[in-house]
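J.: The sequence shown begins at 0 in numbering that gives the first Met the number 0 and counts up by one.
I'd like to ask some things about the structure below.
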Amino acid sequence: MSDQKKQLAGTVIALGATITDAMDDVPGFVPCGTPAQVILDAISTYSNADDAAAEQVTPNIVAFAGHVSEHRGVAAHEPADADALDDTQRQLAQRVLDLAAANTAATLEPAQVEWLYRSLGALEPASDKAADLLAQ
0 MSDQKKQLAG TVIALGATIT DAMDDVPGFV PCGTPAQVIL DAISTYSNAD DAAAEQVTPN
60 IVAFAGHVSE HRGVAAHEPA DADALDDTQR QLAQRVLDLA AANTAATLEP AQVEWLYRSL
120 GALEPASDKA ADLLAQ
């Protein structure tokens, strides 16, 4: 994986973790479809585009995490190290990629959207939630 795609992956993980914190802060809250579509588009860029496109999209994802942080009063997570995923996290990351490849935000059920955000958050190095999300 190129450095540009690693950076994009790390920022998408950070966005998912930031959204997860916002959901944890307000029980029952799941953001609208806009963040999901932003994430799905970024994952599509990661999977299908060249390094220049990945480099171009990355600042937008960082900005979106900042937007979530400001509007929801949670800390914006720093980009994760995509190389630091353990085996369970790699399996979860592949499930996220598969979900993204097969859907748009409009086709995802609310439970799938929540799973997407929480799964991305579980890809942070300190998280121990990957196995639970894989079982879902």
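From the three backbone atoms N, C-alpha and C, an ideal C-beta is built for every residue, glycine too.
Just so it is clear, the structure is predicted and the values come from calculations on it, not from any experiment.
Which stretch, first to last residue, makes up the alpha helix (DSSP H) that contains Ser1?
T.: Premise fails: Ser1 is in no alpha helix (DSSP H) and is neither H nor E.
J.: For Val37, which residues in the same chain have their Cβ closer than 6 Å to its Cβ, ignoring the five residues on either side in sequence?
T.: Within the same chain, Val37 has close Cβ partners Phe63.
J.: Ordered along the chain, which non-local residues of its own chain (more than five positions away) have a Cβ less than 8 Å from that of Ala74?
T.: Thr17, Asp20 and Ser68.
J.: Is it buried or exposed, Met0, if we count other Cβ atoms within 10 angstroms and call 16 or more buried?
T.: Met0 should be labelled exposed.
J.: With respect to the alpha helix (DSSP H) encompassing Leu98, which residues constitute its N-terminal and C-terminal limits?
T.: Unbroken alpha helix (DSSP H) run through Leu98: Asp86 to Ala101.
J.: Would you grab the beta carbon distance between Ala121 and Ala110 for me? Rounded to a whole angstrom, and I think it's under 8 Å.
T.: Between Ala110 and Ala121 the Cβ distance is about 16 Å, and since that is not below 8 Å, they are no contact.
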